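Colleague:
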Amino acid sequence: MQPFTTVTGLAAPLIWANVDTDMIIPVQRLVGSTRDGLGPFGFERFRGRPDFPLDQPPFAGAPILLAGENFGCGSSREGAVWALMGMGIRCVIAPSFGDIFHNNCFQNGLLPVRLPLDLIRRIAEAMEASPGNARVTVDLERQEVVTPWGEAVPFAIDARKKQALAEGLDDIALTKQREAEILAWQAKDRAARPWAWDSLA
Amino acid sequence: FTLPGTTLVCGDSHTCTNGGVGALAFGIGASELSHVLATQTLMQRRPRAMRIRFEGTLPPGVTAKDMILHAIGRFGTAGGTGFAVEYAGAAVRALPLEARLTLCNLSIELGAKMGLIAPDDTTYEYLAGRRFAPKGAAWDAALADWRRLPSDPDAAFDADHRIEAAEIAPQVTWGTSPEQVLPITGRIPAPASAADRAALDYMGLEAGRPIEGTRVDWVFIGSCTNSRLSDLRDAAAMLRGRRVAPHVTAWVVPGSETVKRDAEAEGLHREFLAAGFEWREPGCSLCVAANGETVPPGARSVSTSNRNFVGRQGTGARTHLASPAMAAAAALAGAITDPRRP
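Heads up: the protein sequence lines correspond to chains A and B, in order.
Heads up: the first sequence begins at 55 in my numbering, then just goes up one per residue.
Heads up: the second sequence begins at 756 in my numbering, then just goes up one per residue.
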């Protein structure tokens, strides 16, 4: 997984509430495709529409997405994250995210940032007013978003998730470092609740 | 193999269904799934706890599907985000096990990836003797452990809600999100936002008109929400001796091979076929337009599934979520209909 440090670039506005993962990638595209092949199908249903800015200049390929409440709700499909990353997106800024989508982001190096909706709207206005010059920077180490007008806005992030993202760490390798602890717990639970272990034997 | 007090994950957001047995069950993505297979663990932030108590008695003709749709209408699709939800109260206690699975199934549509119901005698009777349930002394030990699981009477929740079951009517969605739902007796609401207007437009509905009587083209009884034996029996009871309206295409998709076999052993398939339903192979089918099984563009369906997103059942398909009884009633009438009418 590629480590995340900072991203500076265009922030594309798509401030729709309740964007669900079916909208981001239809289930049919998840069969027979690879993790890396979903970019062309991100938001497939919306491409070519006048209210959809992500498939044409200036915002096509923007590394940052400005989104609305409850972004990524609905189905658990991790393909939604892969499709967004295939479109070049490295960071999504929204007031809130669907829980499962939020977890899936961290598995792939896509940074979800929570900021208030009115601030997101102001950033979007600045981007749309001056897409040639306006830029947003997302700095993971400093936990700051720098707006097009130069204001550094702090954001919160779980410390462990931040570290894993910053180091591009593979979750499985990290967890395997705690193998002894896991085996000890399993032995203890097997003794305390044999019924939970033996039923599948 | 789900048992109370076990932790269960799967690559599907409706894994929360298993909470109906008192398991901690939730959906994960492919990467976390690999992690679980490799390490038998998952790093999780402890969610906040929400309790939704359904008190009193459900009126006749009102089901678990209506209960959870009513709750989503009240709390919204993000109402449960960041929470694990416990469903409690007299009306939940009175639900048979399969109905509890239906209730928990739509937890994720509330935004809550975990939803569960404390195990009780209903749970234990359901599990006793099943293939993967403990037996003999192991069963006794398990029962003792399970009886310690229910929340303490004075347990504190981060959010605690009460719903009067007697006030719940059969529900049907009108829009393109499960939270856009109303009682069958209601009128299509005036749009309160641009999103509402877009939903009404997509669904081809006019604000102010009663939802009942809206013409229906397709009916789907299936999905992990409502395709168990009890759901099929409910629907078949309504169809007995009657025929699906001539303009309606009606499918029933049993929830699994086991359900299909059990339903056929009872002759349920013959009832559906006699009424003019197609009796199809188990799978997700029309819930998510899987395997090329789609509702045609512009067609209006009443579906016992869990998501009515734009294009979910097929490009341009218009989905109304409902209970199996309401779906059967809609098939007979060729329109959205109150299932309580005889």
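Glycine included, every Cβ here is placed at the ideal spot set by N, Cα and C.
Quick caveat, the model's predicted, so the values are computed rather than measured.
When we look at the beta-carbon of B/S978 and count the other beta-carbons within 10 Å, is it buried (16 or more) or exposed?
Modeller: Label assigned to B/S978: buried.
Colleague: Looking at A/E132 and A/N72, is the spacing between their C-beta atoms short of 9 angstroms?
Modeller: Contact: no.
Colleague: Might you give, ordered along the chain, the residues of its own chain that have their beta carbon closer than 7 angstroms to the beta carbon of B/R995, omitting 5 neighbours on each side?
Modeller: Only E1026 meet the Cβ criterion.
Colleague: Output yes if chain B places a C-beta closer than 9 angstroms to the C-beta of A/N124; else output no.
Modeller: Closer than 9 angstroms to some Cβ of chain B, the Cβ of A/N124 qualifies, so yes.
Colleague: Alpha carbon to alpha carbon, what distance is there between A/E198 and A/F160?
Modeller: Answer to the nearest angstrom: the Cα atoms are 18 angstroms apart.
Colleague: Going by beta-carbon coordinates alone, are B/D900 and A/W239 separated by less than 9 angstroms?
Modeller: Cβ atoms of B/D900 and A/W239: not closer than 9 angstroms.
Colleague: So, does the segment 1028-1040 of chain B touch the segment 995-1014 of chain B, judging by three or more C-beta pairs under 8 angstroms?
Modeller: Yes, since at least three Cβ pairs between the segment 1028-1040 of chain B and the segment 995-1014 of chain B fall closer than 8 angstroms, the two stretches touch.
Colleague: Is there a Cβ from chain B that is less than 9 angstroms from the Cβ of A/D172?
Modeller: With 9 angstroms as the cut-off, A/D172 does not count as an interface residue toward chain B.
Colleague: Mapping the DSSP letters down to three states, classify B/R855 as helix, strand or coil.
Modeller: Helix.
Colleague: Short check: CB of B/T1092 to CB of B/K820, under 9 angstroms?
Modeller: Going by C-beta atoms, B/T1092 is not nearer than 9 angstroms to B/K820.
Colleague: In whole angstroms, what separates the C-alpha of A/F113 from that of A/G142?
Modeller: Approximately 11 angstroms between the Cα atoms of the pair.
Colleague: Going straight from the alpha carbon of B/A831 to that of B/F756, what length do you get?
Modeller: First, the residue type needs correcting, since residue 831 of chain B is Gly and not Ala in the sequence shown. Those two C-alpha atoms are separated by around 32 angstroms.
Colleague: Please check if any C-beta of chain A sits within less than 9 angstroms of the C-beta of B/V1065.
Modeller: Yes, B/V1065 counts as interfacial toward chain A.
Colleague: Classify A/W251 as helix, strand or coil using the three-state DSSP reduction.
Modeller: Three-state result, A/W251: helix.
Colleague: Buried or exposed: A/V85, going by 16 or more other Cβ atoms within 10 Å of its Cβ?
Modeller: Exposed.
Colleague: Can you pull the chain A neighbours of B/T832, defined as C-beta to C-beta under 8 angstroms?
Modeller: Those within 8 angstroms of B/T832 in chain A are N72, N124, C127.
Colleague: Per DSSP, what are the beta-bridge partners of B/M805 in this structure?
Modeller: DSSP output for B/M805 lists B/V840, B/A914 as bridge partner(s).
Colleague: Taking Cβ-Cβ distances shorter than 8 angstroms, what residues in chain B pair up with A/S87?
Modeller: Near A/S87 there are no residues of chain B at all, since even the closest Cβ is about 12 angstroms away, more than 8 angstroms.
Colleague: Using the C-alpha atoms, what's the distance from B/R800 back to A/K242?
Modeller: Using only the alpha carbons, I get a separation of about 23 angstroms.
Colleague: With respect to the beta strand (DSSP E) encompassing B/A780, which residues constitute its N-terminal and C-terminal limits?
Modeller: Element bounds for B/A780: 779-782.
Colleague: Quick check on this structure: which residue in A/L68, A/Q82, A/A116 has the alpha carbon closest to the alpha carbon of A/R103?
Modeller: Measuring from the Cα of A/R103, the nearest candidate turns out to be A/L68.
Colleague: Return the first residue and the last residue of the beta strand (DSSP E) that B/A769 is part of.
Modeller: In the sequence as presented, Ala is not what sits at residue 769 of chain B; that position holds His. Unbroken run through B/H769: none, as it is neither H nor E.
Colleague: According to DSSP, A/C127 sits in a beta bridge with which residue or residues?
Modeller: Its beta-bridge partners are A/D74.
Colleague: Just to check my reading of the structure: B/L1076 and B/V927 have Cβ atoms closer than 8 angstroms, yes? What is that Cβ distance to the nearest angstrom?
Modeller: With 8 angstroms as the limit, B/L1076 and B/V927 qualify as a contact, their Cβ atoms being about 7 angstroms apart.
Colleague: Would you tell me roughly how many angstroms separate the C-alpha atoms of B/A896 and B/R902, rounded to the nearest one?
Modeller: Taking the straight line joining both Cα atoms gives about 10 angstroms.
Colleague: Which residue wins for smallest C-alpha separation from B/I1061, given the options B/D989, B/G866, B/S786, B/F809?
Modeller: Correcting the residue identity first, residue 1061 of chain B is Asn in this sequence and not Ile. With distances taken between Cα atoms, B/N1061 lies closest to B/G866.
Colleague: Use the C-beta contact count for B/S985: other C-beta atoms within 10 angstroms, 16 or more gives buried, fewer gives exposed.
Modeller: So B/S985 ends up on the buried side.
Colleague: Under three-state DSSP, which class holds B/R1095?
Modeller: It is coil, neither helix nor strand.
Colleague: Tell me the DSSP bridge mates of B/V971?
Modeller: BP columns for B/V971 are empty, so no partner.
Colleague: Skipping 5 residues on each side, what residues in its chain have a beta carbon closer than 8 angstroms to that of A/A121?
Modeller: Result list for A/A121: L68, I69, W70, V73, V146, I147, A148, I174, in chain order.
Colleague: With distance defined between alpha-carbon atoms, name the residue in B/A911, B/H916, B/S786 nearest to B/R829.
Modeller: Nearest C-alpha to B/R829: B/H916.
Colleague: Closer than 8 angstroms is the cut-off here; do at least three beta carbon pairs connect the segment 769-783 of chain B with the segment 847-862 of chain B?
Modeller: Contact between the segment 769-783 of chain B and the segment 847-862 of chain B is present, because at least three Cβ pairs lie under 8 angstroms.
Colleague: Could you pull out every unbroken alpha helix (DSSP H) segment of at least 4 residues lying fully inside the segment 156-221 of chain A, listed in chain order?
Modeller: Correct list: 171-183, 213-221.
Colleague: For B/I783, which residues in chain A fall below 9 angstroms Cβ to Cβ?
Modeller: Chain A residues near B/I783: S130, E132, I154, N157, N158.
Colleague: Helix, strand or coil for B/Q926, going by three-state DSSP, please let me know.
Modeller: Residue state, collapsed to three classes: strand.
Colleague: Which residues mark the beginning and the end of the alpha helix (DSSP H) in which B/V791 is found?
Modeller: Here the alpha helix (DSSP H) through B/V791 covers 785-794.
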